[in-house]
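Novice: Sharing a structure with you now.
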Amino acid sequence: MIDAEDVVLGRLATEVATLLRGKHKPTYAPHVDTGDFVIIVNAEKVRLTGNKRDQKFAYRHSGYPGGLRKRSFGELLDTRPDRLLEKVVKGMLPKNKLGRAQAKKLKVYAGPQHPHAAQQPQPFQITKIAQVAK
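The letter at position 64 of the sequence shown is residue 64 when you use UniProt numbering, and the numbering goes up by one with no holes.
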């Protein structure tokens, strides 16, 4: 379980992708899913540095001519912070069957509450990464 409060988005996503892939384990193999389940809470309090809140966009296309839509990261963070975090982490996973299986192990929640208390998740501190001062 990772608390995303005041953690920079990209730095959090790289650490989560490493945990999902299992690269932190000595038994890592790129063709085997040895990763852990990851629960992220307080996704709404994740930090975006610089002007990324207004100047970075997430694009999607409907498939029709002229159907390209874009929303700023700030807009996504205000409406669905859990989806934003899922999208960023999923972009760092392999684009194949294994990557889709690893992405299913990620659970993101906007607030501090999560329904996985029965599984007794272990808190994980991101200590290797320097954070930007407030």
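Think of the CB as a built atom: it goes at the ideal place given N, C-alpha and C, for glycine as much as any other residue.
Just so we're clear, the structure is a prediction, and the values are computed from it rather than from any experiment.
Can we count PRO94 as close to the ligand FMN, meaning its CB is less than 6 angstroms from some heavy atom?
Specialist: The ligand FMN is absent from the structure shown, which contains no ligands of any kind.
Novice: Could you say which of SER62, VAL89, ASP33 and LYS95 lies nearest to VAL8 if we only look at CA atoms?
Specialist: VAL89
Novice: Per DSSP, what kind of secondary structure is ASP82 in: helix, strand or coil?
Specialist: Reduced to three states, the DSSP call for ASP82 is helix.
Novice: Label LEU76 either buried or exposed according to how many other C-beta atoms from any shown protein chain fall within 10 Å of its C-beta, with 16 as the threshold for buried.
Specialist: By the Cβ-count criterion, LEU76 is buried, with 16 or more other Cβ atoms from all chains shown falling within 10 Å of its own Cβ.
Novice: Compare the Cα-Cα distances from HIS31 to each of GLN102, ILE40, GLY63 and VAL38 and report the closest residue.
Specialist: Per the C-alpha coordinates, the member of GLN102, ILE40, GLY63 and VAL38 positioned closest to HIS31 is GLN102.
Novice: Nearest by alpha-carbon distance to VAL22: which of ASP33, ARG60 and ASP3 is it?
Specialist: Note on residue identity: the sequence assigns Gly, not Val, to residue 22. When each option's Cα is compared against that of GLY22, the closest is ASP33.
Novice: Output yes or no for whether 7 angstroms exceeds the beta carbon distance between ALA117 and ASP82.
Specialist: Result no, Cβ atoms of ALA117 and ASP82 do not sit closer than 7 angstroms.
Novice: Using 10 angstroms around the beta-carbon of TYR64, count the other beta-carbons present and answer buried if the total reaches 16, otherwise exposed.
Specialist: exposed
Novice: Assuming the contact rule is C-beta atoms closer than 8 angstroms, VAL16 and LYS105 should be a hit. Round their C-beta distance to whole Å, please.
Specialist: 10 angstroms between Cβ atoms; not a contact.
Novice: Can you check whether the CB of MET1 is closer than 7 angstroms to the CB of PRO112?
Specialist: Against a cut-off of 7 angstroms, the Cβ pair of MET1 and PRO112 comes out as no contact.
Novice: From the DSSP output, in three-state form, read off LYS52 for me.
Specialist: LYS52: helix per DSSP, three-state reduction.
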